[in-house]
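Below is one structure, written out as structure tokens; comments come after it.
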Amino acid sequence: MTDASADVPGGELRLLARIPSASNAAFLGAIGETRVIYKPSAGERPLWDFPDGDLAQRERAAYLVSEALGWRIVPPTVVRDGPLGEGMVQLWRDPAEVPRAVELVAPIAAAGTGRRRVFDVIGDPDFPVAIAHEDSPALRRIAVFDVIVNNADRKGGHILEMADGHRHGVDHGLTFHIDDKLRTVLWGWAGDELADAELDGVSRVRAALSAELGTALAELLSPYELEMLDLRCELLLAEARFPAPTGSWHVVPWPLI
Numbered sequence: 001m002t003d004a005s006a007d008v009p010g011g012e013l014r015l016l017a018r019i020p021s022a023s024n025a026a027f028l029g030a031i032g033e034t035r036v037i038y039k040p041s042a043g044e045r046p047l048w049d050f051p052d053g054d055l056a057q058r059e060r061a062a063y064l065v066s067e068a069l070g071w072r073i074v075p076p077t078v079v080r081d082g083p084l085g086e087g088m089v090q091l092w093r094d095p096a097e098v099p100r101a102v103e104l105v106a107p108i109a110a111a112g113t114g115r116r117r118v119f120d121v122i123g124d125p126d127f128p129v130a131i132a133h134e135d136s137p138a139l140r141r142i143a144v145f146d147v148i149v150n151n152a153d154r155k156g157g158h159i160l161e162m163a164d165g166h167r168h169g170v171d172h173g174l175t176f177h178i179d180d181k182l183r184t185v186l187w188g189w190a191g192d193e194l195a196d197a198e199l200d201g202v203s204r205v206r207a208a209l210s211a212e213l214g215t216a217l218a219e220l221l222s223p224y225e226l227e228m229l230d231l232r233c234e235l236l237l238a239e240a241r242f243p244a245p246t247g248s249w250h251v252v253p254w255p256l257i
């Protein structure tokens, strides 16, 4: 398991701009010539189901799980001090100019080649809209990762589409809850079997939980959260397929994109 501190440099963190679209305080910053995103813990707004002011630790934990998977989903992430106190610091990634991984499109275009139609959006009957996402191995890996970390906030805008086809996932503060909180726009594979490479990734995480990964996560998550993380991995391996939405609770985030 790699250590993000080797990629996120030390030194003075300078604030360059506030990111106004973020629900909590988030800033574009720089450490030397390296651009980063900085989310101070003091700028977190408590939620009824995530009330403890520990979103930075959950972001770091999500990075560690991503590294255990070996899929480089989460950019290098650390928890360190900054101008507004301790918080999450993550390497900045510049995505491609036109996002297409998750889109609101006409229903007739939602199920085209290379895309998965998730659901229709209720609105003006004269202008039907559906949400769809690409059907790619890179995006499937993010969907698997989200199940493992119990991501409660996988919006389309939390997927960074790199020019080389890689897909990064970001904004993982709402993860690792002990209850089922999976809220995502990536339901297009619901019920589909997991590929062997995806199952291998889940197995790597589960094995690492009894070694270095478990030790590192114990400093970031509660024992019960670690127990439920292991259980989610166990269930994924046993069922060997993507879960489907269940129950009456919200299964998509808002806004969708």
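The sequence shown begins at 1 in UniProt numbering and counts up by one.
Note that CB positions come from ideal geometry on N, CA and C, so glycine has one too.
The beta strand (DSSP E) enclosing residue i, as first and last residue numbers
i      : result
Ile148 : Element bounds for Ile148: not the beta strand (DSSP E) but the alpha helix (DSSP H), Pro137 to Val149.
Ala132 : Val129 to Glu134
Phe119 : Arg115 to Val121
Glu103 : Val102 to Val105
Under 8 Å between C-beta atoms of residue i and residue j
i           : j      : result
Ala130      : Arg117 : yes
residue 278 : Val149 : Here the chain covers residues 1 to 257 and nothing more, so residue 278 does not appear.
Gly29       : Ala56  : no
Pro40       : Gly82  : yes
Gly188      : His250 : no
Asn24       : Arg58  : no
Val89       : Val78  : yes
Leu182      : Ala61  : no
Which of helix, strand or coil DSSP assigns to residue i
i      : result
Leu209 : helix
Asp230 : helix
Thr246 : coil
Pro75  : coil
His168 : strand
Thr184 : strand
Leu235 : helix
Pro51  : coil
Pro83  : coil
Glu198 : helix
Leu221 : coil
Residue i beta carbon near the ligand FAD (any heavy atom closer than 7 Å)
i     : result
Tyr63 : Inclusion of the ligand FAD in the displayed structure is not the case, the ligand content being empty and no account of it being possible.
Those residues which DSSP pairs with residue i across a bridge
i      : result
Ile31  : Leu13 and Thr34
Met162 : DSSP lists no partner for Met162.
Run of the alpha helix (DSSP H) containing residue i, from where it starts to where it stops
i     : result
Arg58 : Leu55 to Leu69
Legend entry - Inter-stretch contact (C-beta, 8 Å, three-pair minimum) for the segment 213-228 and the segment 134-149: no
Inset, instruction - Kindly confirm or deny that the segment 94-102 and the segment 151-161 touch, where touching means at least three C-beta pairs closer than 8 Å. - result: yes
Inset, instruction - Indicate whether the contact test is met: 3 or more Cβ pairs, each with one atom in the segment 182-199 and one in the segment 221-228, closer than 8 Å. - result: no
Legend entry - Inter-stretch contact (C-beta, 8 Å, three-pair minimum) for the segment 59-76 and the segment 168-187: yes
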